Each structure stands twice: as C-alpha cells, then as structure tokens.
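Numbering of the sequence shown is given in our numbering, commencing with residue 168 and proceeding in unit increments.
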Amino acid sequence: MPLRYGDDPYVWACWLYYEDGMTQGDIADVMGISRATVNSYLAEARERGIVNIAIEPARLASLTVAQALKRHFGLADCLVVPSEETARPLIDRIGAAGAQALHRLIKSGDTIAVSWGRTVLAIGERAEIGGLQDVTVVQATGGTRASFAYTPELCAAALANAVHGKLINLSAPAIVSSNAVREAFLHEPLIESQFQALAGANKAIFGVSSLRPNSTIHTSGFFQSVSLQDYLAKGAVGVVSGRFIDGYGRPIRGPLDDCTIGISLEMLKNVDLRIAAAGGFDKVPAILAALRGGYVNVLITDAATGRGILHADGVTDIDQRPPRLRPDSQTTLPSGARTRVKKFLNDPDKVVEEMLDGAVRAHRNHLSPIDKSHRALVARDGPRPGKVGLVIGGGSGHEPGFLGYVGKGLADAVAIGNIFSSPPPIPILHCAKAASGGAGVLFVYGNYAGDVMNFEMAAELTETAGISVRTVLTTDDITSSPIEDRDGRRGVAGSFFTFKIAGAACDLGLSLDACEAVTRKANLRTYTIGVALEPCSMPQTQRPNFEIGAEDIEFGMGIHGEPGVMREKMISADEIVDRVMDRIFVEMKAGKGSRVAVLVNSFGATPVMELYILFRRVEQRLNAKGIVIEANWIGHYFTSLDMVGASISIMELDGELTELLHHPCDTAALKIRKE
C-alpha cells in the first residue's frame with residue numbers, strides 16, 4: 168500500500184475510486200482484493216465519514232423543484248435546469264436540456280409532432296441522436312412566409328435532422344383568410360395524408376407562449392390580422408401550438424379558430440408523450456395553464472420558473488420538510504398566537520376609495536380629481552399648452568407609488584386601480600385628455616398583463632380622440648426574466664427613476680419622440696432586485712398573501728407577492744446586498760468613473776434604520792469599483808402594502824440622464840429644488 172494512504176485500505180479504495188476515477192474491478196486488481204470487498208470498503212467509508220458526498224446547491228434545488236412539479240401535476244417526467252447567475256441565455260439552457268432529454272425520450276419508430284417557437288428550435292439545433300430507425304417528424308402547424316428563424320418549417324426540419332428521421336411538412340399556411348378556405352385545404356388529398364400522419368403522432372414537442380407584449384405570439388407576425396384583445400378579454404393567458412387557453416387550460420374560442428391549420432388541442436391531448444419546453448417568469452401563468460389543462464406530461468423548464476409555477480398553484484412548502492413527530496405528539500399554537508393582521512380600517516371593501524379620498528385631501532396642492540373621480544387624478548400645476556403630457560398609473564397598494572409622483576416637473580396625471588390591479592381603460596383615457604397640451608401624451612407604466620391590456624385599449628381610445636400616444640413599459644426587475652428577454656421583465660421600484668426622467672423631459676418641452684426615446688434609455692439603464700423577509704397582508708382578508716418560512720428569505724420577490732427566484736435561509740444584511748449587487752454587476756457594465764443613481768426602497772414594513780444599513784453596503788460595493796453615486800434616495804418610494812423587505816435599484820447615468828435627474832419637480836413624494 169502506498170505510504171500516502173497511511174495503511175488505511177478504506178482511504179486507498181476511496182482515493183482510487185473518487186479521485187483517480189477507477190472502476191471497482193480495476194481497484195480490486197490494484198489492491199489484490201475481491202470486487203465485493205471494494206464495494207464494502209466504499210460503503211463503509213461513507214458511513215464512517217471518510218467520504219462526504221455533496222450535491223451542488225443549485226442542482227439540488229433544481230432536483231427538488233423537478234420532483235415537486237412531477238408529483239404535484241402527475242407528470243410522467245420533469246427536467247429542471249438550475250437558475251444560473253450568469254448572462255447565459257435561458258433559451259440556450261433549456262434548449263440544451265431538451266436536447267439531452269430527447270436522447271432518453273425518443274425511440275426508433277416514433278412519430279413526433281413538432282410545433283414552433285424559439286425554444287423548440289433551440290432543442291432541434293442542439294440535439295444529435297444517432298442509432299435510431301424509422302423516426303418520422305411531422306410539422307404540427309401550417310407554414311408561414313415570415314422571416315424569423317423559428318418558423319414551423321425550420322423547427323420541424325431541425326428536429327428531423329437531429330434524429331435523422333423522415334420529415335413531413337404541412338403543405339398549407341398556418342393562418343388562412345376564412346373557414347371556407349381552411350376547409351378547402353383540409354380536403355386536399357395531400358394535406359389529408361399529412362394530417363393523418365400528424366394524427367398518428369405518439370410524441371409531441373412544443374413550447375408555451377405567454378401573451379406579454381414581447382412574446383413569440385406578438386413578434387411572430389402570425390396573428391397580425393386579428394387583435395389579440397379578443398382573446399385577452401376572454402381571459403386568455405397563453406398559447407399552446409397556436410391555440411389560446413385560459414388560466415385553467417380551457418380553450419378560448421376566437422376569430423382565429425376557424426382560420427388556423429394545424430394540430431388542435433384535442434389532437435394534442437391524444438398524443439402519448441407531450442413534451443413542453445418553456446421558461447421565464449413571464450410564462451408562469453401560461454405554463455401553469457397548460458399543466459392544468461392536461462396538455463403536458465413531460466415538462467422541461469428552469470428552477471425559477473418551476474418554483475413560480477408551484478407557488479402560483481398553492482405549493483409553498485417546496486423546500487420545507489415536515490417536522491418528524493412522535494406518534495403521541497401533538498402540535499398546538501402558542502397562547503396568544505394570531506392568524507390575522509390588525510389594520511386601521513373602516514370597511515375593507517372601501518379601503519381604496521377611502522385611501523384616495525385621504526390622499527386628495529392631504530395633497531390638494533399637488534393633485535385634484537378628474538370629473539370628480541378619485542381613480543383619475545391630474546396635477547394642479549402640470550399640464551400646459553405645447554407640452555407633452557405624462558400619464559402614469561397602476562394598482563393601489565404601492566403608495567406613495569404612482570399618485571405620489573404627480574405634480575410639476577413629473578407626471579401630469581395618474582390612473583389608480585384596485586389593490587395590485589390595473590386601472591380600467593376609461594380612467595386612463597380621462598387622464599390622457601386632462602394631460603394633453605397638444606403635443607401628444609406619453610404613457611409610462613409597469614409591464615404587467617392587465618396594465619398592458621387596459622393601457623393599450625385606452626391608447627386606442629385616445630388616438631381616436633385625436634391625441635397622439637406613445638408608450639414605454641418599465642422593465643427594471645432583472646430577476647423576473649433572463650437578459651435575452653429584457654422586454655418581458657416586470658416594472659418594479661426602478662420605475663421611480665423612469666418616471667423622474669420622463670417627467671423632466673416632458674417639462675423641458677422636448678418633442679414626443681424625444682421624450683419617448685430618453686424614457687426608454689432610462690428604463691434600459693435601470694436595474695432592480697427585491698428581497699422579501701415577510702409577506703404582505705391584504706386589507707380584505709387581513710391575512711398574508713403568501714407564505715415564507717420563519718428563517719427564510721426570498722430573492723426576486725415581486726411587488727404583488729409574485730414568487731422570487733431563490734428562497735434560502737436568512738443571512739446578514741451585507742450578504743444580502745452582496746448577492747443583489749453581484750447580480751446587478753453581471754448586467755450593468757458601469758466601471759471606474761461611471762456615475763449612478765441609487766434607490767433603496769422599503770416594501771412597506773421595513774424601517775428606514777435597516778434601509779440605511781443596506782445603503783451602507785451598496786455604497787461600499789460601488790465605491791470599490793470606482794463608481795460614483797450622483798444621487799440617492801432611501802425610504803418608502805414603491806411599497807407592497809405591509810411587506811417586510813426591500814429593493815435596490817441602480818440607474819447608470821450619462822450626461823443627459825444626469826441633467827434630467829436633477830431637473831426640479833414638486834410632488835407629494837418627491838421634491839427637487841433648482842440649484
């Protein structure tokens with residue numbers, strides 16, 4: 168025995184196995200013992216603690232999420248890739264994972280229906296499966312003349328090449344002009360035979376599209392002839408193989424149904440193995456709907472999305488193991504324990520109206536109701552002839568968010584919805600008319616499905632009234648979607664900076680085009696991450712709207728209680744800031760000599776004392792890189808009712824943004840004086 172093993176055969180066997188990578192048979196020959204003895208040495212070494220096997224935390228978390236998804240939704244299988252803190256595109260990671268999964272899922276003799284989309288194409292381009300025979304790949308949706316790279320034809324061809332199989336294309340357009348044209352195509356003998364092959368598929372590969380403005384559905388050009396508002400108004404949350412579904416997976420009937428040539432949802436359900444590959448926080452409602460509808464029995468996604476799906480469907484104990492109790496033990500709540508949160512309320516159903524009434528009374532020097540409605544407020548000293556009007560808005564519960572930023576030099580009008588809900592189109596329209604000074608109106612609001620739908624409807628009504636409208640969505644929450652899906656991110660506390668820049672540009676008399684351009688620049692240069700310690704509680708129920716463990720912390724939490732991307736045990740304030748800043752530095756390329764603005768924002772229940780502790784570390788991290796803080800704000804600027812937590816927002820400045828940031832304004836929540 169070599170001296171370095173210290174006459175310990177257990178150490179010798181473990182070194183050869185784990186470090187040198189030898190097989191048990193080879194080890195038996197080297198050590199001069201039987202293979203059974205080698206196996207015994209290795210097992211006993213683990214029991215004695217000579218060898219400790221650890222799984223990388225991120226991979227362990229993804230395995231936990233995969234098991235929970237498989238169990239909760241009754242899936243045949245589930246593959247979850249870890250959520251990486253890198254700029255590697257999520258589509259690439261899911262594509263690679265899907266390609267890996269196909270090696271196990273695809274067999275000789277299979278007929279595979281292939282839908283279209285960016286993720287489906289990524290799988291086909293990364294897969295290379297040899298040794299298969301008699302595999303047929305069928306294009307699941309009709310063709311298109313669109314120029315994007317992930318057409319149905321290209322997706323099907325990529326997968327056929329990957330499996331070296333026979334390709335059957337659908338020789339018909341995906342969308343035709345009428346049901347009569349569709350029926351004529353379907354009765355053509357060639358297309359009939361192609362549909363027979365599609366109906367015989369035993370496996371299907373498809374993506375799931377959200378209905379966010381940046382989704383494949385919006386950018387593909389497939390549905391240019393039909394307004395998606397028809398489907399959104401009926402509760403559509405996503406698209407599977409060109410078919411719209413609601414939050415429970417039920418098909419949504421609309422004008423496209425009789426004009427679409429491709430696999431139907433009923434046909435998809437008849438396929439034995441239905442493989443869905445999709446990821447991104449914006450897709451959580453759509454993927455959940457597809458799972459609820461039974462269209463998926465193999466899911467390929469990422470850990471953050473998977474966790475969001477489970478949380479959205481009420482599974483909040485993913486990482487929590489139940490306590491081990493003796494059979495005779497009983498758990499009781501400690502005396503005095505409460506399950507409701509006390510609040511200053513009169514009638515919970517009137518909380519928003521009473522809050523707005525109080526706000527108008529408190530800030531009558533800054534804002535006033537439009538047409539006596541507290542849901543549409545206008546700045547008393549804002550709109551003026553020849554000036555672009557700035558309209559902002561969103562749900563209540565974020566105070567001073569939205570209404571606190573109405574006044575001279577900032578927003579001209581604000582539309583307010585119910586708690587965490589979008590304002591309806593009519594109050595937004597009233598705001599647009601009140602803010603208009605003849606130079607057009609700029610809408611700036613957070614990127615949420617309800618807000619997008621209602622503001623878009625209001626924009627159409629405003630345009631009809633002869634007022635030009637431009638829209639900028641705030642998308643500063645960098646944890647809510649990967650970097651390649653920047654337009655799919657949520658707008659959170661960093662909206663504060665975007666509102667400020669937009670208000671200054673409008674107040675200086677810039678054109679509508681110029682106001683839009685600089686507002687977009689401000690949004691693209693703003694990075695936010697939120698961290699939650701305790702949930703918020705809704706006035707109507709006076710109960711928490713989500714659960715978080717007594718010793719847990721959640722990174723990436725949304726301002727409505729949307730799940731974050733990582734939940735782990737509580738750590739120190741400096742460690743929290745370090746993780747946030749490390750993630751921001753991945754995307755923000757500011758270096759020595761750069762200037763930034765900083766917002767350390769309370770979610771409602773976090774005191775300013777703790778915010779200063781967070782800011783202290785933010786300043787240290789920026790200073791270490793030679794980055795100068797041009798301006799900072801610490802306090803309650805964009806809350807989430809009474810949530811315990813905070814967010815850190817950084818806006819990277821240039822000369823133009825710096826000038827606009829310092830431009831004077833006078834609102835209830837923000838006052839900047841002229842120097």
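Note that beta-carbon positions come from the ideal geometry of N, C-alpha and C, so glycine has one too.
What you are looking at is a predicted structure, and each value in this text was computed from that prediction instead of being measured.
For TYR411 and VAL581, what's the separation of their Cα atoms in angstroms? Note that residue 411 corresponds to Phe in the displayed sequence, not to Tyr. About 33 Å.
Own chain, CB closer than 7 Å to HIS541, minus 5 neighbours either side, in chain order: GLU520, LEU523, ASP524, VAL527
Alpha helix (DSSP H) containing ARG293: first to last residue? 285-293
Which residues DSSP lists as bridging LYS333, in chain order: Answer is THR303, bridged to LYS333.
Could you please give the first and the last residue of the uninterrupted beta strand (DSSP E) stretch that includes PRO536? 534-537
Please say whether VAL608 and GLY556 have beta carbons closer to each other than 8 Å? Closer than 8 Å, so yes.
Okay, do the segment 757-777 and the segment 613-621 touch, 3+ Cβ pairs below 8 Å being the bar? At 8 Å Cβ cutoff, the stretches do not touch.
Which of helix, strand or coil DSSP assigns to LYS667: Three-state DSSP puts LYS667 in a helix.
Touch check for the segment 366-381 and the segment 443-462: three-plus C-beta pairs under 8 Å? Touching, per the Cβ criterion.
Give me the Cα-Cα distance between ASN369 and LEU236, rounded to the nearest whole angstrom. Looking at the two C-alpha atoms, the distance is approximately 23 Å.
Is the beta carbon of GLU735 less than 8 Å from the beta carbon of ILE720? Yes, these two residues count as a Cβ contact at 8 Å.
Rounded C-alpha distance that separates LEU326 from GLY291: 4 Å
Taking only three categories from DSSP, how would you classify ILE279? strand
Report the rounded CA-to-CA distance for LEU466 versus GLY793, giving the unit in angstroms. 45 Å
I'd like to confirm the pairing. Which residues does DSSP put opposite ALA632 in its beta bridges? ALA632 is not bridged to any residue.
Who are the near neighbours of PRO494 in its chain, counting only those whose CB is closer than 8 Å to its CB and skipping five residues on each side? Confidence is the limiting factor: at PRO494 the pLDDT is only 36, short of 50, which leaves the residue's position unreliable and the question unanswerable from this model.
For LEU837 and ILE593, I'd like the C-alpha separation in whole angstroms. 27 Å
Which residues bound the beta strand (DSSP E) around SER814? 811-819
Let's see if you can read the secondary structure: which residues bound the alpha helix (DSSP H) around PHE511? Element bounds for PHE511: n/a, residue is neither H nor E.
Output the distance between the C-alpha atoms of GLY481 and PRO567, rounded to the nearest integer angstrom. 30 Å
In the DSSP assignment, what residue or residues form a beta bridge with PHE411? VAL406
Helix, strand or coil for SER207, going by three-state DSSP, please let me know. Here SER207 sits in helix by DSSP.
Kindly list the residues whose CB is nearer than 7 Å to the CB of GLY604, restricted to its own chain and excluding five residues on each side of it in sequence; keep chain order. PRO550, ARG551, PRO552, GLY553, LYS554, GLY556
Continuous beta strand (DSSP E) stretch holding ASN799: start and end: For ASN799, the enclosing beta strand (DSSP E) stretches over residues 795-802.
Are there three or more Cβ pairs, one per stretch, closer than 8 Å when the segment 398-405 is compared with the segment 328-345? With the rule of 3 Cβ pairs closer than 8 Å, the segment 398-405 does not count as touching the segment 328-345.
For HIS597, count neighbouring C-beta atoms within 10 Å of its own C-beta (all shown protein chains included) and say buried if the count is 16 or more, exposed if not. Note on HIS597: 16 or more other CB atoms within 10 angstroms of its CB, so buried under the neighbour-count rule.
Quick check: what's the CA-CA separation for PRO249 versus ALA835? 44 Å
Just the C-alpha distance for ILE634 and ASP644, rounded to the nearest angstrom, thanks. Using only the alpha carbons, I get a separation of about 31 Å.
Quick check: the segment 508-515 against the segment 531-539, are there 3 or more CB pairs under 8 Å? no
For the alpha helix (DSSP H) holding SER360, just list the boundary residues, first then last. 356-366
Can you give the Cα-Cα distance for LEU257 and GLU754, rounded to whole angstroms? If I take the Cα positions, the gap works out to 15 Å.
Taking 8 Å as the threshold, find out whether the segment 201-217 comes into contact with the segment 175-183 through three or more Cβ pairs. yes
Could you give the uninterrupted runs of the beta strand (DSSP E) lying entirely in the segment 669-701, keeping only those of 3 residues or more? 693-701
Tell me which residue opens and which closes the alpha helix (DSSP H) that ARG260 is part of. From DSSP, the alpha helix (DSSP H) with ARG260 extends over 257-272.
Please identify the residue among ARG656, ILE342, ASN790, ALA351 whose C-alpha is closest to the C-alpha of LYS759. Looking at the Cα atoms, ASN790 is the closest of the given residues.
Can you find the residues in the same chain that come closer than 6 Å, C-beta to C-beta, to MET845, ignoring five residues on each side of it along the sequence? Here the chain has residues from 168 to 842 only, and residue 845 is not among them.
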